[in-house]
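Asker: After the structure tokens below, expect a handful of questions from me.
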Amino acid sequence: MFNNSHYTVGWVCALRTELVAATQYLDEKHDSSDYEAAPNDNNIYVFGNIGKHNIVIATLPRGEYGISSASMVARDMVRSFTNVRICFMVGIGGGAPLMEPDEQPKRDIRLGDVVVSIPSNARGGVIQYDYGKTIQDQDFKLTGHLNSPPQFILTAVGVLGAEFEAEENGLDKDVRICLDKNKKIQKKYQRPDQTTDRLYRSSYIHKNDNENCSKSCNEAEQVTWRDPRNEDEDSVAIHEGLIASANQLMKDAFMRDRLARNSGVLCFEMEAAGLMNQFPILVVRGICDYSDTHKNKEWQGYAAMTAAAYAKRLLLKLPPAKVAVEARLSELREIKDQLQQFGSSLDTMQSDLLEHTERSLRTEVERWLAAPNAETNFRSTRDQREPGTGQWLVDSETYLQWKLGIIRHLWFHGKAGCGKSVISASIVEDVRRYCSDSAGTGCAIFYFTFSDSSKQSYIDCLRSIVHQLSGCPSVSSSLEQLFKTSKARQEGGLIVDESLQNILVDRIRFHERFFLILDGLDESPEMDSKNTRQREKLLEWLGILSVKLPMLQILATSRRLPDIEAALAGMKFHPESMITGCVNVDISKYVVNQLNKDRRLRELDANMKEKIQDAFMMKADGMFRWATCQMNDLKNLPSTRPVHLKEALKNLPTSLDETYSRMIKNIPAMVHNDALTLLRWLTYSHRPLTLLELSEARIISLDTAEGDVAFHDRGRTGDVLEILSGLILIVEVKEETTARRKRKIDDVIETTLAHDKPSHRSVRLAHFSVQEYLESSRESIDRPRSFHFQAKREHQFLSNCCVLYLIHYANTKSITKTSRDLERFPLLEYAAKSWYIHCQDSDNVDREVQFLQSDTFSDSLLIYNPDRSWEEPFEAGVNGSKARSASSLYYAALTGLSGVVRRLMEAGADVNAECGYYGNALQAAAWKGHDSTVKMLIEAGADVNAQGGYYGNALQAAAWRGHDSTVKMLIEAGADVNAKGEYYSNALQAAAGGGHDSIVKMLIEAGADVNAK
């Protein structure tokens, strides 16, 4: 008769299949009626012996899996059986085979093989990992290793392994002997046909959860070929090493491969960590699948049998006397409980500190990424949408075919003002609902915006999409790593953007389908301020994404412009026109709703309302923007007498041009100049202005030679809204923090202040058509001549305003030269950061030379220093360092003011003066890629091999940044391609580190030493 104290070996199973397999290897089964369970022990046990070892077998409750369930079973087992000295966890798991790039096995794990948990790489045999979702779309994070098995068990594993290496292990034979004794279980537990052992390529996801792989995954080219094992090899191989444990099933082949390659994991399962966190155990797993989406239940029975067969062989190697002198597991558990209680407060403190650190890091990463907020545009356009409108498009056959994947890419095009952006808000809402209900789908959005230079390029779009996906652990982790490395290496620009694209592509590939909604492709300008073909680059980028990501589905909106139409046709976009008739239906709904909502208009009789609706529909011609402008005018009529309403309807303008001309002509003469100034700033500022900033622009006057800034005559900020009523849009920005564009070394335009504070109001032109009207040279436009804008002239105006504002600020006695001044002088930061952006094509070189050489410019560097763009305003003054670190020539070269560079050199400026972060003017210009300036400096005698500055020399700076034409120019001028640099040893390493293949080729052809260190 046996009692609780007789049992010294614990054996834990998770599944019924594993329990059945374990009991087949007992030499004898014991009567289970006399054991005494500890209070609240709900486990069911099977008793028996293998050799002289008495064994108690426990299994998890039916339907329960995972670490916590296993932990409870083990805890209760050692409470009831206090004499248990060792414990095994025996059952099935998912294998982690590792293949070489040529698809030859590096670690040849197959179904039916056995994995034994042995410490490896300073880890204790089992590692616990946590990775959010468990389908093939998320990242993992190792959280530590757990207890190692007892040393004498590891010794027995080594002895058994040596025997199996010298002679056949015979595990397959052991299984067959067992099954011969029990024919009832033979069908489920025997070895399946070898053709069912399929290892699919990591990128190939199981197609249909309701069908097995033999039906839905039968593409031969997706199966990794492995040579059959030779006759002299065991059909069941034994693998010793790390097992990875988590609370959920591993179904991600990419994650499996990364853990296998980086951490040496051989097998994945769901319970062992729960036991090894309690006390030392040995885990034995039979491989039943490959830890991917292709689960294989056919092999579970046989895998459970091979694992149990190995466990029995190992037990027979352990002397019972040795087991008897091991510490009781119940005593180890009590000690562990005491230590856990002692350390609980410390754990809480560490957890709080870790949470704070992670939160701070996330904030830093967001600031560094400086991603444009597409959600602001979405909310703004959604709020403009009239209830009940836009449904015709969401219900259209073409759109439904796109959403279902029948049409891959879809382009909705329509004329200016037809409501494309508002319609896109309906699409975004519909797609988001669809994705929330459909597994394996995802979506991202971006609104190209004519009035915001941070929302116009493909780089802006890329950063925004990556930020939208940063809630995914894999993206967040990759971003944090990129932030840390780029910060340590002082990277900016191209290399970071290439890395961001890799993050984006990797993430989207985890989806079965991914929707990308892009509004306003035509609001990406054809040329940017650096004469880069911005829209062309955007369209090329979309083509690259389309090829790389077959699961990507794009929906774009824009006007029907030739370059967009041609590019999208090449990508097989399905074109669909915004049908005027359908838009008119929405306009009709809008008119009716407004007539019934407006306080004054809703009192009109039905006949008058019908006349208004008819008049609007007669002239709207599918232009929603036109209709909203006329409705606003109608609401503001001083009288609602029918005679006055009829007169207004009779004189409705016929086009948007005529509409805007009327608005401008109706601006009171008293504020005519204010309106002109405000519209200039709204049209040409390189980022959206706050209401405070825009209102401040009114006090700058250039009417006299000296100019004036009337700080004493600001007036109400609300005046702006009344002066430009109908021409501007107010956007409420609800972000909780200020997002500062702080890429440490990057283009100045990407270091501007986003000003996203609670209840902050940003002002923009109401519609793209307003800017087109102001810039248009169409003869049909009847407007005051002063409101015909010319980009070069207006940019010069803004530059002059910025400089004048900085001069008057510097001459104000009450300034503090601290961050408090930013509140008292709202336009200060914009002026310091933007004056030179607006004068790139200036003819007024003398004024710019004078400013660069002035004390005012030196003072402005406290607010913003383009040589140290990562510093906060006034940070240099707080640190006690001098803001000005270089000559006027250096700053002109850095900021791309080629005319100023020429004038300074003509005046005798030293082109080889050592100064600034980049060492000299040539290196600064080369780093920025200002080719005309680089050429000018070289022709004036600049030393192309001068050493100094962050990159060491101009060639290395240009090579790192990827400026092909600059590198070519420097080589032709005699730059030493093998010159030693600073951060990188030479230009070749810099180009290679930046991923610039064309420059690498150019340098090698010029004689760069590929073996240089």
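Using this note's numbering, you'd call the opening residue of the sequence shown number 1379 and step up by one each time.
Glycine included, C-beta positions come from ideal geometry on N, C-alpha and C.
As the structure is a computational prediction, the values presented were derived from the model and not from experiment.
Is the number of C-beta pairs between the stretch 2275-2284 and the stretch 2217-2234 that are closer than 8 Å three or more?
Answerer: In short, these stretches touch, since the Cβ pair count reaches three.
Asker: What are the residues that DSSP puts in a beta bridge with Y1403?
Answerer: Answer is none; Y1403 lacks a bridge partner.
Asker: Please state the DSSP three-state secondary structure of S2140.
Answerer: In the structure shown, S2140 sits in a strand (DSSP, three-state: E or B).
Asker: Should S2376 be labelled buried (16 or more other beta-carbon atoms within 10 Å of its own) or exposed?
Answerer: Label assigned to S2376: exposed.
Asker: Please report how far the alpha carbon of L2240 lies from the alpha carbon of G2096, in whole angstroms.
Answerer: Straight-line Cα distance between these residues: approximately 31 Å.
Asker: Flag this pair as yes or no: are the beta carbons of V2148 and V2109 separated by less than 9 Å?
Answerer: No, Cβ-Cβ distance for V2148 and V2109 is not below 9 Å.
Asker: Can you tell me the Cα-Cα spacing of V1772 and E1807, whole angstroms?
Answerer: Rounded to whole angstroms, V1772 to E1807 spans 10 Å at the Cα level.
Asker: So what does A1822 bridge to, in DSSP terms?
Answerer: According to DSSP, A1822 bridges with L1894.
Asker: Does DSSP classify N1971 as helix, strand or coil?
Answerer: Looking at N1971 - three-state DSSP - the assignment turns out to be helix.
Asker: Do the stretch 2012-2024 and the stretch 2049-2056 make contact, defined as three or more Cβ pairs closer than 8 Å?
Answerer: The stretch 2012-2024 is not in contact with the stretch 2049-2056.
Asker: In three-state terms, what does DSSP make of G1921?
Answerer: If DSSP states are grouped into helix, strand and coil, G1921 belongs with the helices.
Asker: Reducing DSSP to helix, strand and coil, say where G1472 ends up.
Answerer: Of the three classes helix, strand and coil, the one that applies to G1472 here is strand, per DSSP.
Asker: On the three-state DSSP scale, how would you describe I1496?
Answerer: Correct three-state label for I1496: coil.
Asker: Considering only their Cβ atoms, is the gap separating A1998 from N1962 smaller than 9 Å?
Answerer: Against a cut-off of 9 Å, the Cβ pair of A1998 and N1962 comes out as a contact.
Asker: Label H2090 either buried or exposed according to how many other C-beta atoms from any shown protein chain fall within 10 Å of its C-beta, with 16 as the threshold for buried.
Answerer: It counts as exposed.
Asker: Is the distance from the Cβ of L2366 to the Cβ of A2332 below 9 Å?
Answerer: In this structure, A2332 does not lie closer than 9 Å to L2366 by Cβ.
Asker: Less than 8 Å between the CB atoms is what I'm expecting for L1476 and R1639, so what's the real figure, rounded?
Answerer: About 6 Å; that satisfies the 8 Å criterion.
Asker: Can you round the beta-carbon distance between M1467 and V1390 to whole angstroms, since I take them to be within the 8 Å contact cut?
Answerer: Their Cβ separation, rounded to whole angstroms, is 5 Å, which keeps M1467 and V1390 in contact under 8 Å.
Asker: Among the residues of its own chain, which have a CB less than 6 Å from the CB of I1932, if the five just before and after it don't count?
Answerer: Closer than 6 Å at the Cβ level, and outside the excluded window around I1932, lie H1787 and L1894.
Asker: So, are the CB atoms of R2092 and I2077 less than 9 Å apart?
Answerer: Contact: yes.
Asker: Grouping DSSP H, G and I as helix and E and B as strand, with all else coil, what is I2193?
Answerer: Residue state, collapsed to three classes: coil.
Asker: At a cut of 8 Å, does the stretch 1678-1690 reach the stretch 1656-1664 through at least three beta carbon pairs?
Answerer: Yes, the stretch 1678-1690 is in contact with the stretch 1656-1664.
Asker: Return the residue from the list L1660, L1577, A1803 and E1742 that minimises the CA-CA distance to D1761.
Answerer: It is A1803.
Asker: What is the DSSP secondary structure of N1432, counted as helix, strand or coil?
Answerer: In the structure shown, N1432 sits in a strand (DSSP, three-state: E or B).
Asker: So, V1535 versus I1487, is the Cβ gap smaller than 9 Å?
Answerer: Not closer than 9 Å, so no.
Asker: Let me know the alpha helix (DSSP H) ranges lying completely inside the stretch 2006-2051, each 4 residues or longer, listed in chain order.
Answerer: Correct list: 2020-2028 and 2034-2043.
Asker: Out of curiosity, what's the CA-to-CA distance linking L1397 and D1412?
Answerer: Their backbone Cα atoms lie some 21 Å apart in a straight line.
Asker: Does the beta-carbon distance from L1840 to L1878 come in below 9 Å?
Answerer: Cβ atoms of L1840 and L1878: closer than 9 Å.
Asker: Since I1881 and V1853 are thought to touch, with beta carbons under 8 Å apart, how far apart are those beta carbons, to the nearest angstrom?
Answerer: I1881 to V1853, Cβ: 6 Å. Contact.
Asker: So G1471 and V1493 are supposed to be a Cβ contact under 8 Å. How far apart are they, rounded?
Answerer: 7 Å between Cβ atoms; contact.
Asker: Could you name the residues of the same chain whose beta carbon sits closer than 6 Å to that of L1438, not counting the 5 residues immediately before and after it, in chain order?
Answerer: Excluding residues within five positions, the ones whose Cβ falls inside 6 Å are A1392, S1447 and V1451.
Asker: So for D2086, helix, strand or coil by DSSP?
Answerer: Correct three-state label for D2086: strand.
Asker: So, helix, strand or coil for T2116, using DSSP?
Answerer: Interpretation of T2116 is limited by its pLDDT of 36, a score under 50 that renders its predicted location unreliable; the figure taken from the coordinates is listed afterwards. Reduced to three states, the DSSP call for T2116 is coil.
Asker: Select from K1967, N1985, D1983 and A1984 the residue whose C-alpha is nearest the C-alpha of M2009.
Answerer: Selected option, being the one with the closest Cα: K1967.
Asker: Report the three-state DSSP secondary structure of E2128 (helix, strand or coil).
Answerer: Note that E2128 has pLDDT 30, beneath the 50 cutoff, so the model's placement of it is unreliable and the number below is only indicative. Helix at E2128.
Asker: Can the beta-carbon of V1743 be found closer than 9 Å to that of K1781?
Answerer: Contact flag unset, no.
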